[in-house]
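Colleague: Pasting a structure here, questions to come.
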Amino acid sequence: MLGAAGWAVQDARDANLAASRGVAVREFILEPPHGRADYLLFVDREAVGVIEAKPEGATLTGVEWQSAKYLDGLPDWVTSALEGALPFAYQSTGVETRFTNTLDPEARSRQVFSFHRPETLAAWIRDVQEDPLAPTLRHRLTKLPGLNDDGLWPAQAAAIRNLERSFAENRPRALIQMATGAGKTYT
């Protein structure tokens with residue numbers, strides 16, 4: 004899975020962070036008491052995240068705490084892409100994969116289809132550096148500008164405002180229900 008997403012997978016004792024833009028280092032030892040990360044992810048030779056690997060069939064919800072404990076505790080010789088804890092954590096069985104972006108306002112684990120490519124994580128790191136007050140999509144959704152409701156029917160404006168509020172409240176799903184003739188096509 005990691006290789007298909009563009010990661011070079013290496014053992015910790017033989018790691019060469021210059022081998023690829025994205026390197027996943029297996030069995031990386033952190034500072035005590037943080038333990039050993041199953042995989043430490045490096046993009047452009049800087050640490051960006053961790054992967055907690057579990058056996059196939061294991062339940063991943065509820066193990067976020069394990070990968071979270073690896074986000075801190077980098078040895079002094081390791082360069083982190085951002086100050087503080089690493090921003091990205093994965094939990095995976097090889098069949099199911101969950102992801103947490105700790106930069107989100109209310110970070111939570113969510114299911115993803117595969118690991119993100121190194122280029123994607125690099126772009127997200129760049130977003131943080133360019134706009135530290137709104138580094139992620141979830142942050143930006145909480146800061147949407149007011150709706151210009153010129154030309155909208157009241158039902159359309161209400162539907163859009165409710166959808167924007169749902170986004171701002173970090174709800175993963177939304178449904179817009181409007182009566183026939185209320186302007187659904189245009190909304």
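So the sequence shown is numbered by the working numbering: it starts at 4 and just counts up by one.
Here a beta-carbon is modelled for each residue, glycine too, at the ideal position from N, C-alpha and C.
Note down the Cα distance separating Glu133 from Glu86, rounded to an integer number of angstroms.
Modeller: To locate residue 133, count along the sequence shown from 1; it is residue 130. To locate residue 86, count along the sequence shown from 1; it is residue 83. Going by the C-alpha atoms only, they are around 14 Å apart.
Colleague: Exposed or buried, which one is Arg29 when buried takes at least 16 other CB atoms within 10 Å?
Modeller: In the sequence shown, the residue the question calls residue 29 occupies position 26. Looking at its Cβ environment, which holds 16 or more other Cβ atoms inside 10 Å, Arg29 is buried.
Colleague: Trp2: buried (16+ other C-beta within 10 angstroms of its C-beta) or exposed?
Modeller: Look at the range of the chain in this structure, 4 to 190, and you will see that residue 2 is not part of it.
Colleague: Would you mind listing the alpha helix (DSSP H) stretches within the segment 74–126 that are 4+ residues and don't spill past its ends, in chain order?
Modeller: none
Colleague: Excluding the 5 residues preceding and the 5 following Ser117 in the sequence, name in chain order all residues of the same chain whose CB lies nearer than 8 Å to its CB.
Modeller: Position 114 of the sequence shown, counting from 1, holds the residue named residue 117. Cβ neighbours of Ser117 beyond the five flanking positions: Met4, Ala7, Ala8 and Thr100.
Colleague: Give a yes or no on whether the C-beta atoms belonging to Ile54 and Leu44 are separated by under 8 Å.
Modeller: In the sequence shown, the residue the question calls residue 54 occupies position 51. In the sequence shown, the residue the question calls residue 44 occupies position 41. Inclusion of Ile54 and Leu44 in the CB contact set at 8 Å is warranted, their separation being smaller than that value.
Colleague: Could you tell me which residues DSSP puts in a beta bridge with Val51?
Modeller: Position 48 of the sequence shown, counted from the first residue, corresponds to residue 51. Per DSSP, Val51 has no beta-bridge partner at all.
Colleague: So what does DSSP say about Gln159, is it helix, strand or coil?
Modeller: Taking the first residue of the sequence shown as 1, we reach residue 159 at position 156. Reduced to three states, the DSSP call for Gln159 is helix.
Colleague: Using C-beta distances below 8 Å, list every residue in its chain close to Lys72, excluding the 5 sequence neighbours before and after it, in chain order.
Modeller: For the purposes of this step, residue 72 is identified with residue 69 of the sequence shown, where counting begins at 1. Contacts found: His37 and Gly38.
Colleague: Between which two residues does the alpha helix (DSSP H) harbouring Arg143 extend?
Modeller: Working through the sequence shown from its first residue, we reach residue 143 at position 140. Counting along the chain, the alpha helix (DSSP H) containing Arg143 begins and ends at Leu140 to Leu144.
Colleague: Ends of the beta strand (DSSP E) at Glu30?
Modeller: Here residue 30 corresponds to residue number 27 of the sequence shown, with the count starting at 1. Here the beta strand (DSSP E) through Glu30 covers Gly25 to Ile32.
Colleague: Is there a Cβ from chain C that is less than 8 Å from the Cβ of Gly97?
Modeller: Here chain C cannot be found, since the structure has a single protein chain.
Colleague: Taking all protein chains shown into account, decide if Gln94 is buried (16 or more other Cβ within 10 angstroms of its Cβ) or exposed.
Modeller: Position 91 of the sequence shown, counted from the start, is the residue given in the question as residue 94. When all chains shown are included, Gln94 counts as buried.
Colleague: Looking at the structure shown, is Gln180 part of a helix, part of a strand, or coil, going by DSSP?
Modeller: Here residue 180 corresponds to residue number 177 of the sequence shown, with the count starting at 1. Gln180 falls in the coil class under three-state DSSP.
Colleague: Mapping the DSSP letters down to three states, classify Leu150 as helix, strand or coil.
Modeller: The count along the sequence shown starts at 1 and reaches residue 150 at position 147. Look at Leu150 here: in three-state DSSP terms it is coil, with no helix or strand label.
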